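Novice: Before I ask anything, let me first share the structure, which is written out below as structure tokens.
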Amino acid sequence: MILDHSWARRLFHLGALATRGMTLGVRGAAIDEAGRVCLVRHTYVAGWHLPGGGIEAGESAAEAMIREFREEAEIVVDPAQPLRLHGFYHNRAAAGRDHVALYVAPAFSVRAPKAPDREIAACGFFPLDALPPETTQATRVRLREIREGLPPAAQWQP
Numbered sequence: 091m092i093l094d095h096s097w098a099r100r101l102f103h104l105g106a107l108a109t110r111g112m113t114l115g116v117r118g119a120a121i122d123e124a125g126r127v128c129l130v131r132h133t134y135v136a137g138w139h140l141p142g143g144g145i146e147a148g149e150s151a152a153e154a155m156i157r158e159f160r161e162e163a164e165i166v167v168d169p170a171q172p173l174r175l176h177g178f179y180h181n182r183a184a185a186g187r188d189h190v191a192l193y194v195a196p197a198f199s200v201r202a203p204k205a206p207d208r209e210i211a212a213c214g215f216f217p218l219d220a221l222p223p224e225t226t227q228a229t230r231v232r233l234r235e236i237r238e239g240l241p242p243a244a245q246w247q248p
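In this note's numbering, the protein residues as written are 91 to 248.
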């Protein structure tokens, strides 16, 4: 006789969430053919960042990144060329249990210029060698990893 232990597995996962709660987010690098990267400036935190955000319940990390690209930058990822996972980082600066998956979009289009809204104050494409001065250090380091083919660091913050 085979027993259904799905309830036990769900209970275990619920307990793990309560005792070992972890946040998981995504960031994405969309670099166009001219060598410019998409960066966003949020309304609630200083600096220019790669687009990204939290992973919603029932959503994979890649699905979350595709959604965040669309919401924050009007970027549509080409489904024929899926996102590439560059690295998975521990982000101690945000919280002791925060982690970030960084994706690179090998092919994409921009639906329209992103208009400012309640979350995004500005969005733009910038040459990799001429990023805005307010670009965060973590963003600069991630872009250097991607540009130079370096292995991802363990920590999001340098």
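We treat Cβ as the ideally placed atom computed from N, Cα and C, and that holds for glycine. The structure displayed is predicted, hence computed values, not measured ones.
At the level of alpha carbons, what is the spacing between residue 271 and residue 145?
Specialist: Look at the range of the chain in this structure, 91 to 248, and you will see that residue 271 is not part of it.
Novice: Going by DSSP, what residue range makes up the alpha helix (DSSP H) through residue 231?
Specialist: Here the alpha helix (DSSP H) through residue 231 covers 227 to 238.
Novice: Three Cβ pairs or more, each shorter than 8 Å: is that satisfied between the segment 196 to 208 and the segment 163 to 174?
Specialist: Contact between the segment 196 to 208 and the segment 163 to 174 is present, because at least three Cβ pairs lie under 8 Å.
Novice: Taking all protein chains shown into account, do 16 or more other C-beta atoms lie within 10 angstroms of the C-beta of residue 155, making it buried, or fewer, making it exposed?
Specialist: Buried.
Novice: Alpha carbon to alpha carbon, how far is residue 123 from residue 195?
Specialist: Approximately 12 Å between the Cα atoms of the pair.
Novice: Are the beta-carbon atoms of residue 179 and residue 243 separated by less than 8 Å?
Specialist: Yes, they are a contact pair.
Novice: Could you pull out every residue in the same chain whose Cβ sits closer than 6 Å to the Cβ of residue 181, ignoring the five residues on either side in sequence?
Specialist: For residue 181, where only same-chain residues beyond five positions count, the Cβ hits under 6 Å are 188, 190 and 246.
Novice: Can you tell me the Cα-Cα spacing of residue 234 and residue 111, whole angstroms?
Specialist: Spanning the two alpha carbons is a distance of roughly 31 Å.
Novice: Quick one: grab the DSSP three-state call for residue 105.
Specialist: Because residue 105 sits at a pLDDT of 49, beneath the cut-off of 50, its placement in the model cannot be relied upon, and the point is left open.
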